Structures are given as structure tokens and as C-alpha cells.
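The structure under discussion appears below in the form of C-alpha cells.
What follows is the structure, given as C-alpha cells:
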């Protein structure tokens with residue numbers, strides 16, 4: 001069966017520090033991968049998605065970037081965090097060529113920028 | 001106007017009651033409809049998936065899609081305290097992108 005791992009679960013970082021959040025998927029090959037940010041009471045905002053190694057599409061211009069160095073690894077980064085980067089970050093995967101648009105989420109990372 | 005509207009609640013019901021949740025949307029191209037359940041400080045988990053219009057039942061959960069009215073619903077029968085969570089509707093057209101509602105927080109009182 002497929003599983004998705006996200007770490008860390010919680011992170012507290014000072015303003016101006018770098019960020020690296022990692023997401024890995026097991027049990028599937030060539031998944032589509034997604035990074036979302038969830039703000040309280042505002043649903044999920046798509047940040048990045050990837051259909052393959054090295055292929056990244058950005059949905060919202062911002063202080064963040066994403067990379068996909070391996071088939072089942074997706075990384076969210078920032079060189080210098082802003083206060084506004086605080087939030088709940090979720091990684092999701094979707095089977096490419098499978099049932100349409102079903103995305104499965106990780107447990108999330110709660111980021112606090114102070 | 002948001003693409004997907006969902007009443008944020010909160011909704012509080014006694015154990016055993018029927019919970020009714022709904023979302024409206026504006027994009028007539030949407031044809032894939034999902035409900036996710038999200039417990040506090042956890043990631044969303046897929047609850048129901050429906051393609052196009054119609055009803056789908058899974059145990060105590062029933063999902064309904066009315067494309068003519070651009071309206072989807074989720075019903076939870078015989079609600080349990082373990083159903084206390086935030087419920088997110090999500091939908092998409094034929095591309096990769098899911099559009100989410102803001103989520104409805106439900107509390108089932110024992």
C-alpha cells in the first residue's frame with residue numbers, strides 16, 4: 001500500500017532563516033506531487049505541483065520554492081523566511097494515470113515563523 | 001466570489017443525529033467531487049469521491065452531487081463523537097487542480 005511521509009511535524013523558525021520541508025511517498029511510482037498551505041478557515045492553497053523529476057510548476061508567486069530530486073521525493077524550501085510564511089504545510093500525492101484527481105495527504109508540518 | 005463556497009460552521013449536533021454538509025460552486029466544468037475529513041492538527045483524509053452527478057453511499061456516509069444546481073452534499077447518519085472533525089469539500093475539472101472549500105467544523109456531542 002502507498003504511504004506518504006512528511007517531516008518535521010512541527011517547526012519553529014526565526015524570521016530570515018532558511019527552510020526545508022521534505023515529503024516522500026512509498027509504494028507507487030511516478031506520482032504527481034503537491035505542496036499546499038492551509039490557513040485557518042481558508043481552505044487549502046496550492047503552492048507547487050510536480051508531474052516528474054525536476055518538473056515543478058508554481059501556482060502562487062511567493063517566498064518559497066520546490067524541488068523534486070527523486071521520483072518520490074518533494075522538497076519545499078525558502079532561503080529567508082517571512083512572518084507571513086507561518087502556516088500548516090501539506091504534501092499530497094496523486095497516482096498518475098489513475099482515478100482522476102484523487103489526492104492523498106501527508107500529516108502536515110506546522111510552521112511558526114517568529 | 002469564491003469558486004467554492006462552504007459554510008464554515010461550526011456545527012454542533014448530539015450523538016446519533018444526521019449531519020448535513022454542503023458546498024456550492026461556480027465552475028460548471030467541475031466533474032470530480034470529493035469530501036475530505038480532517039482531524040485537528042492532522043492532514044485531510046479522503047472520505048468520498050464522486051464523478052459527475054448522482055449519489056454515492058459508503059456505510060454511514062452519503063455524498064450527493066447536483067451539477068444542475070452546482071451543489072454537493074455530504075450526509076453522516078448516526079453520527080458519533082469520532083466524527084468530530086473539519087470536513088472539506090474539493091472538486092476539479094479535467095486538470096490536476098483541486099479547488100477546496102474552507103471547511104466545516106463539526107462537533108458531535110456524546
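Protein chains in written order, with my numbering: chain B, 1 to 114; chain Y, 1 to 110.
Idealized CB from N, CA, C, for every residue including glycine.
All values reported here derive from a predicted model rather than from experimental measurement.
Ordered along the chain, which non-local residues of its own chain (more than five positions away) have a Cβ less than 8 Å from that of residue i?
i, result
"residue 104 (chain B)", "2, 4, 92, 93 and 94"
"residue 55 (chain B)", "68"
Using the Cα positions of residue i and residue j, report the straight-line distance between them to the nearest angstrom.
i, j, result
"residue 101 (chain Y)", "residue 73 (chain Y)", "12 Å"
"residue 12 (chain B)", "residue 64 (chain Y)", "41 Å"
"residue 59 (chain B)", "residue 35 (chain B)", "10 Å"
"residue 44 (chain B)", "residue 35 (chain Y)", "13 Å"
"residue 24 (chain Y)", "residue 33 (chain Y)", "11 Å"
"residue 71 (chain B)", "residue 48 (chain Y)", "28 Å"
"residue 173 (chain Y)", "residue 52 (chain Y)", "Outside the displayed span of chain Y (1 to 110) sits residue 173 (chain Y), for which this structure offers no information."
"residue 57 (chain Y)", "residue 41 (chain B)", "28 Å"
By DSSP, does residue i sit in helix, in strand, or in coil?
i, result
"residue 31 (chain B)", "coil"
"residue 66 (chain Y)", "strand"
"residue 83 (chain B)", "helix"
"residue 58 (chain Y)", "strand"
"residue 82 (chain Y)", "helix"
"residue 60 (chain B)", "coil"
"residue 106 (chain Y)", "strand"
"residue 22 (chain B)", "strand"
"residue 94 (chain B)", "strand"
"residue 102 (chain B)", "coil"
"residue 14 (chain Y)", "strand"
"residue 27 (chain Y)", "coil"
"residue 96 (chain Y)", "coil"
"residue 114 (chain B)", "coil"
Among the options, whose alpha-carbon lies nearest the alpha-carbon of residue i?
i, options, result
"residue 1 (chain Y)", "Y:26, Y:16 and Y:10", "Y:26"
"residue 45 (chain Y)", "Y:95, Y:109, Y:87 and Y:92", "Y:87"
"residue 113 (chain B)", "B:29, B:88 and B:97", "B:88"
"residue 47 (chain B)", "B:32, B:41, B:14 and B:65", "B:65"
"residue 80 (chain Y)", "Y:7, Y:37 and Y:15", "Y:15"
"residue 11 (chain Y)", "Y:91, Y:97 and Y:76", "Y:76"
"residue 27 (chain B)", "B:15, B:73, B:14 and B:16", "B:73"
"residue 70 (chain Y)", "Y:89, Y:108 and Y:84", "Y:89"
"residue 21 (chain Y)", "Y:8, Y:91 and Y:42", "Y:8"
Counting only the same chain and skipping the five closest in sequence on each side, list residues whose C-beta sits under 7 Å from that of residue i.
i, result
"residue 107 (chain B)", "6 and 9"
"residue 54 (chain Y)", "65"
Please go through the same chain and pick out, in chain order, the residues whose beta-carbon is closer than 6 Å to the beta-carbon of residue i, but skip the five residues on each side of it.
i, result
"residue 82 (chain B)", "63"
Check whether the Cβ of residue i lies closer than 9 Å to any Cβ atom in chain B.
i, result
"residue 61 (chain Y)", "no"
"residue 56 (chain Y)", "no"
"residue 102 (chain Y)", "yes"
"residue 4 (chain Y)", "yes"
Counting only beta-carbon separations shorter than 9 Å, does residue i have a partner in chain Y?
i, result
"residue 37 (chain B)", "no"
"residue 72 (chain B)", "no"
"residue 94 (chain B)", "yes"
"residue 107 (chain B)", "yes"
"residue 30 (chain B)", "no"
"residue 101 (chain B)", "yes"
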